Every structure is written in structure tokens, then in C-alpha cells.
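Some notes on the structure that comes next.
Printed below as a string of C-alpha cells:
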């Protein structure tokens with residue numbers, strides 16, 4: 002059993018030349034937690050991970066592991082394990098020597114190296130192929146070897162940089178569950194970097210959404226989905242993404258071109274965005290009239306692109322209830338499922 | 415037949431070039447080495463069999479020349495490969511702007527004509543007040559005469575190391591950045607990363623540079639010719655290829671002995687082949703070869 006550390010980032014920034022890759026990040030990860038850093042490429046999530054690992058030096062700010070301040074320490078003194086997107090296995094070494102590498106550097110006695118490598122490899126189900134080189138095993142096995150190498154020194158913190166993105170879709174789903182189970186069983190604190198929102202929602206206790214070097218929202222997957230803090234989070238989390246309509250909030254109504262939606266209760270005024278998730282829109286006999294443009298069958302459901310008063314919306318409907326293209330239909334947008342954002346894109350209301 | 419027609423078509427130009435400029439000269443050299451062809455017998459050379467080789471074996475300076483050749487090749491090679499590695503590692507580990515500029519500077523001697531390059535060395539190493547080295551050390555000497563071997567090896571090495579430097583640098587650059595990150599996170603110091611990750615991944619380029627430079631050093635003599643001409647004194651720095659030049663092409667009698675020169679060249683080729691086989695063995699060549707990515711059916 003590993004004792005996971007908590008991680009505190011304070012005012013963390015990183016500048017490359019004239020570009021700020023990360024701007025003033027404050028974030029706390031609790032011991033034993035799995036936190037996902039989610040965002041599109043160039044959003045600062047990998048930069049943050051490399052700062053925590055000690056590969057990069059912060060331009061400003063502090064990094065603490067528990068009571069220990071580590072931002073001035075060399076990576077080797079930080080006691081972290083890391084899995085890279087490319088796995089970064091040493092091509093000239095066997096899987097055994099790859100996994101043993103961190104122990105060899107610590108001058109751990111031979112017998113102990115042998116038993117620790119074997120038990121870690123067995124835990125990950127690659128104990129029988131340790132004499133092979135990385136090029137001689139499958140992608141999934143390479144990924145497990147990389148994970149074993151990260152775990153063999155029993156780190157307080159496990160950093161995962163897109164560990165699943167090079168795997169086949171099928172293996173990816175099982176690897177997701179396996180990493181989650183392993184992390185919980187071992188009790189190690191883990192930070193997972195991913196651009197895949199489904200992966201983040203499925204695996205993490207909490208998700209930090211990044212965009213353009215800034216933290217947008219740090220919350221549980223549930224809260225992220227139900228109460229996105231701004232239009233970026235609203236559109237990035239969830240697939241298919243939330244419908245966001247730019248328009249004007251008036252007295253008890255929202256208007257965008259020919260599209261009109263009646264509103265109840267408190268809502269913002271003036272320019273802003275109205276959001277609703279595709280699965281929250283209902284097709285009814287009466288309501289806002291709309292025309293079906295495209296129907297994409299997804300198996301259990303169908304994704305329907307509709308147009309109403311010049312506004313295009315995506316609607317998720319049960320497969321058996323899917324309309325035909327060019328059909329005239331009526332939409333119902335339940336009031337309690339509407340999200341309001343002001344003109345800057347910030348969430349208004351509960 | 416058809417199966418080979420297209421590959422054969424594409425291989426023809428390279429094959430013609432190789433046969434014309436590599437195979438024919440080799441055969442011609444071997445044939446010449448069995449004759450007594452020289453300026454005086456140019457019109458009626460006669461077959462002498464192994465005569466030239468017997469003469470070579472009877473040469474009283476044979477041992478000295480071979481020892482010199484071994485010393486020259488081994489030490490210069492050590493300097494070239496070692497310094498090339500050091501330069502490549504150092505310039506790869508510092509910020510790339512500084513590293514790139516330093517490498518560019520180190521390449522300058524390579525684009526100088528050898529004669530100019532040697533003139534610069536002679537200028538540096540001559541007596542005070544003209545010689546810079548004498549001036550700096552406060553000891554006025556002709557350093558080429560005082561330490562001929564050091565000068566020969568350094569003058570060659572300063573040029574030769576840049577070859578390894580370029581090859582090794584590009585090989586280091588080809589190593590994935592994540593591998594360096596992984597090594598750092600795994601707990602490796604810079605030296606441990608060099609020793610346990612970079613160097614093992616450079617074994618193929620190291621074999622290549624070592625083999626290539628051994629062969630080119632075996633046949634190169636222009637810097638020695640210009641610096642010491644095999645001296646100072648009696649054959650102090652005379653190597654096999656220089657001896658061949660002296661004996662066959664620039665001898666006292668003014669008679670250019672093509673046959674003898676060809677025999678000496680043939681011996682050099684033989685030595686080169688033996689050394690190459692030795693390298694392939696110690697570097698475990700089979701392990702370094704990668705399966706071809708394109709398959710021809």
C-alpha cells in the first residue's frame with residue numbers, strides 16, 4: 002500500500018519565450034484522489050503535469066507535496082511516477098530492465114529488484130513477457146510496462162500523460178477501468194492529463210478543465226456536467242456538446258433571430274447565451290416549430306440536427322422516435338434544463 | 415524473369431556506377447600489383463607475380479611503418495570518436511542556439527583547404543616570437559619537431575571529430591524527448607541519462623563513425639605529409655599510405671612505380687577489410703540491423 006500525497010499548486014505560471022503556457026494556477030489535489038486535467042491541445046494541461054514532475058521549472062508560483070515544497074527539486078528527488086503518451090520505454094532494454102530502471106538507479110539490491118519488478122509486473126499481467134524488448138510486445142503491453150515502471154518505486158504521486166490515447170478503442174475502455182481500480186487499490190494520488198472528456202468524466206474523482214493556459218473549472222464530473230461555469234466548459238464537456246445560442250435576454254424571453262424561447266423565473270438581461278444539452282430537448286406535438294436537417298443514427302439513439310428561426314440545434318432522441326429529414330417538428334426546451342450565460346460567457350444563476 | 419525486370423531496371427544506374435568506379439579500380443589495382451609497371455616500363459610492363467609483395471616484406475622498415483600506422487589510426491580514431499561524442503553531448507545538453515553555433519565553429523577547419531589549415535598549425539607552433547603556443551607557454555620551441563605525434567593526431571583530430579559530432583548530434587536529436595523526461599522522472603542524473611540511455615542508443619552511429627573513420631584514416635596522409643613529411647628524423651611519423659606515396663610515387667629516383675604502389679594499396683585494402691570484420695563482430699552487427707520497411711515481391 003502506497004501512501005498518496007496531497008498536491009497544492011499556488012500561483013503557478015510558466016512562460017516559454019513570450020508565450021504564457023500557464024497563467025496563475027491555484028489547485029489542490031487531495032491524497033488518494035484521481036484528478037483529470039482536461040482541455041484541448043495547447044491549453045496548459047501537459048505543461049502543468051511537467052511542472053509537477055519537475056521537467057519544467059515554474060516561472061512563478063509554488064508546488065507542494067503535502068508539507069514539502071518541491072518546485073526547486075530535481076525530478077529524481079520528487080518521488081513521482083509518470084506514464085507518457087508514447088510510453089517512453091527504453092528501446093534497448095528488456096521489459097524487465099525497463100521496469101527495474103528506477104530501482105537500479107537507486108542501487109536497490111539485486112534480489113529485491115527481482116522480486117519487486119516481478120510482483121509489479123504480475124499485478125499488471127505482464128509477468129510472463131519480461132524478457133522481451135518493447136518493440137516485441139503489443140501497444141497495450143507497452144502501456145502496462147510503462148505503468149509498471151512508474152509504480153515499481155511506489156511513488157506518492159502518479160502522473161499520467163494521455164496514457165490511453167495510443168491504444169485501440171476496445172483496449173482503451175478496459176485499460177480505463179483497470180487504471181482506476183489499480184489507483185484506488187494502491188491508494189496513490191494520481192493526475193491524469195487527457196483531451197478526451199469521456200475519459201476524464203469516467204475515471205476522475207474531480208476534473209480540472211483548462212483552456213488557453215487558464216483553469217476554467219475544477220469540480221466533480223457530475224457538477225461539471227450539470228453546472229458548467231462558462232460556455233467553454235459547457236461546450237467542451239459532454240458529447241454531443243451542449244447547444245449554445247447567442248442572443249438577447251428580454252423580459253421573460255430569449256430571442257436569437259427568428260428563434261424565441263419563453264423564460265420563467267430569474268434570468269439575466271441583455272446580450273448572452275442560452276444553453277441546453279441535446280438530450281434535454283424533447284420532441285412534442287406542440288412547441289417551438291423546427292425543421293429537421295440531418296438525422297444521424299447512433300444505435301440506441303439518434304442525433305438530429307434541426308433548425309428553428311435561423312438557429313441550429315442538436316437533439317438526441319430515442320432511435321425509435323427519430324424523425325425524417327425535412328420533417329416539420331416541434332421542440333420543447335424544459336425550463337429547468339436551461340443554462341444561462343452572460344455576454345462574457347460566464348454562467349448566471351444556479 | 416518479369417519479377418526481376420523492374421527491380422533490375424531501377425538498380426542499373428547504381429550498379430553501373432559501382433562497377434565502373436569501385437569494382438574496376440579494385441581489379442585494376444590488383445592486376446597492376448602483380449606487374450613491375452613504372453614510368454620506365456610503361457610501354458612493356460612484365461608480370462612479376464608476387465614480386466612486389468616480396469619486396470614489401472623484405473623492407474627493413476616494415477615493422478616501424480606498421481607500428482606507426484597502428485598508432486596513428488588508433489590514437490586519432492580515439493580522439494575523433496571520443497571528442498565527437500563529447501562535443502555532440504555537450505552541444506545537445508546546452509540551449510540549442512549556443513550548441514548550434516558552437517558546432518558551426520567547429521566545422522570551420524573542415525571547409526579549409528588542408529594546406530591552409532596546416533599553415534595555420536605551423537604558424538601557431540613555430541618558435542617565438544612568431545609562434546603563438548611558444549609565446550603563451552613562454553618556451554620557445556618548434557613544437558612540431560618537439561612533439562610530432564601529438565601535433566599529427568591533434569591536427570587530424572580537430573578536423574575529424576566534427577564528423578562524429580554531426581552524426582552523433584543528429585542521432586541524439588532523433589531520440590524522443592519523452593525518453594529524456596522518463597529518465598529524469600525515473601531518477602537519473604544527467605550523467606546516468608548519458609551513460610544508460612543515450613550511449614546505448616548511439617551504438618549504431620558509433621559503429622558507423624568508427625568503421626568509416628578507421629578506413630579513411632588508414633588511407634589519409636595529407637596532413638602528415640604537410641606537417642612532418644614522415645619526420646622529424648628517420649620515419650618518426652611515416653605511416654603506410656605515406657610510405658606508399660614516398661616509395662612509389664615520389665621516390666628519390668623520380669621513377670613512378672605504379673606496380674609497387676598498387677601492391678601497397680592492396681595490402682591496405684586487406685587490412686581495412688579485416689578491421690571492418692572485427693568491428694562488425696564486436697558491435698554485434700546482426701543485432702543492429704532493422705528489418706527493411708519495404709518488401710519487394
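Protein chains in written order, with the working numbering: chain A, 2 to 351; chain B, 415 to 711. Note that CB positions come from ideal geometry on N, CA and C, so glycine has one too. Keep in mind the model is a prediction, meaning the values are calculated, not measured.
Straight across, the Cα-Cα distance linking residue 593 of chain B with residue 279 of chain A is about 43 Å. For the beta strand (DSSP E) assignment, the uninterrupted runs of no fewer than 3 residues enclosed by the stretch 91-174 of chain A are, from N- to C-terminal side, 158-162. Against residue 83 of chain A, the close residues of chain B are 595, 596, 599, in the order they occur along the chain (beta-carbon pairs closer than 8 Å). For secondary structure counted as the alpha helix (DSSP H) over 4 or more consecutive residues, the stretch 604-642 of chain B holds these complete runs in sequence order: 604-607, 617-633, 636-641.
Interface criterion not met: the Cβ of residue 38 of chain A is under 8 Å from no Cβ in chain B. Counting C-beta atoms within 10 angstroms of its own C-beta, residue 157 of chain A has 16 or more neighbours from the protein chains shown and is therefore classed as buried.
For the stretch 48-67 of chain A, the beta-carbon criterion of a distance under 8 Å to any beta-carbon of chain B is satisfied by 51, 54, 55, 56. Going by DSSP, residue 274 of chain A is part of the beta strand (DSSP E) stretching over 271-277.
The C-alpha of residue 65 of chain A lies about 8 Å from the C-alpha of residue 11 of chain A. Straight through space, the alpha carbons of residue 583 of chain B and residue 215 of chain A are spaced by roughly 37 Å.
The residues 597, in chain order, have a CB closer than 6 Å to that of residue 607 of chain B in the same chain once the five nearest residues on each side in sequence are set aside.
Put simply, the stretch 161-173 of chain A does not touch the stretch 99-112 of chain A. Fewer than three CB pairs are less than 8 Å apart. Comparing alpha-carbon positions, the option among A:155, A:267, A:227, A:289 lying closest to residue 259 of chain A turns out to be A:289.
Among the CB atoms of chain A, one or more fall inside 8 Å of the CB of residue 615 of chain B. Taking C-alpha positions only, residue 478 of chain B is separated from residue 649 of chain B by approximately 8 Å. Assignment of residue 24 of chain A by DSSP, reduced to helix, strand and coil, places it in the strand class. Residues 334, 335, 338 of the same chain have their beta carbon placed closer than 8 Å to that of residue 281 of chain A, with the five preceding and five following residues left out of the count. In this model, residue 54 of chain A and residue 79 of chain A are separated by some 7 Å (Cα to Cα).
Within the same chain, Cβ atoms closer than 8 Å to the Cβ of residue 523 of chain B are found at 531, 572, 573, 576, the five residues on either side in sequence being excluded.
If you draw a 10 Å sphere on the C-beta of residue 154 of chain A, you find 16 or more other C-beta atoms in it, and that means buried. Residue 204 of chain A sits buried, since 16 or more C-beta atoms from the chains shown fall within 10 Å of its C-beta. Interface residue (Cβ-Cβ distance to chain B less than 8 Å): residue 87 of chain A is classified as such. Comparing alpha carbon positions, the residue from B:621, B:533, B:494, B:448 closest to residue 675 of chain B is B:448. The closest CA to that of residue 503 of chain B, considering only B:471, B:581, B:525, B:445, is found on B:581. Residue 458 of chain B: not part of any alpha helix (DSSP H); DSSP gives it neither H nor E. Contact check for residue 248 of chain A and residue 235 of chain A: beta-carbon distance about 15 Å, past the 8 Å limit, so the pair fails to qualify. Remark: C-beta atoms of residue 566 of chain B and residue 637 of chain B approach each other more closely than 8 Å. Within the same chain, 22, 23, 48, 52, 57, 59, 60 come within 7 Å of residue 15 of chain A by CB-CB distance, once the 5 residues on both sides are set aside. By the beta-carbon neighbour count (other beta carbons within 10 angstroms, threshold 16), residue 99 of chain A is buried.
Neighbourhood of residue 592 of chain B in chain A, by CB distance below 9 Å: 85, 86, 87, 88, 89, 162, in chain order. Interface annotation, residue 606 of chain B: in contact with chain A, CB-CB separation under 8 Å.
The Cβ atoms of residue 46 of chain A and residue 35 of chain A do not sit closer than 8 Å to each other.
With a beta-carbon spacing of about 6 Å, residue 633 of chain B and residue 682 of chain B fall inside the 8 Å limit used to define contacts. Distance between residue 251 of chain A and residue 346 of chain A, taken at the CA atoms: about 17 Å. For residue 594 of chain B, no beta strand (DSSP E) encloses it; the enclosing alpha helix (DSSP H) starts and ends at 591-600. Interface criterion met: the Cβ of residue 602 of chain B is under 8 Å from a Cβ in chain A.
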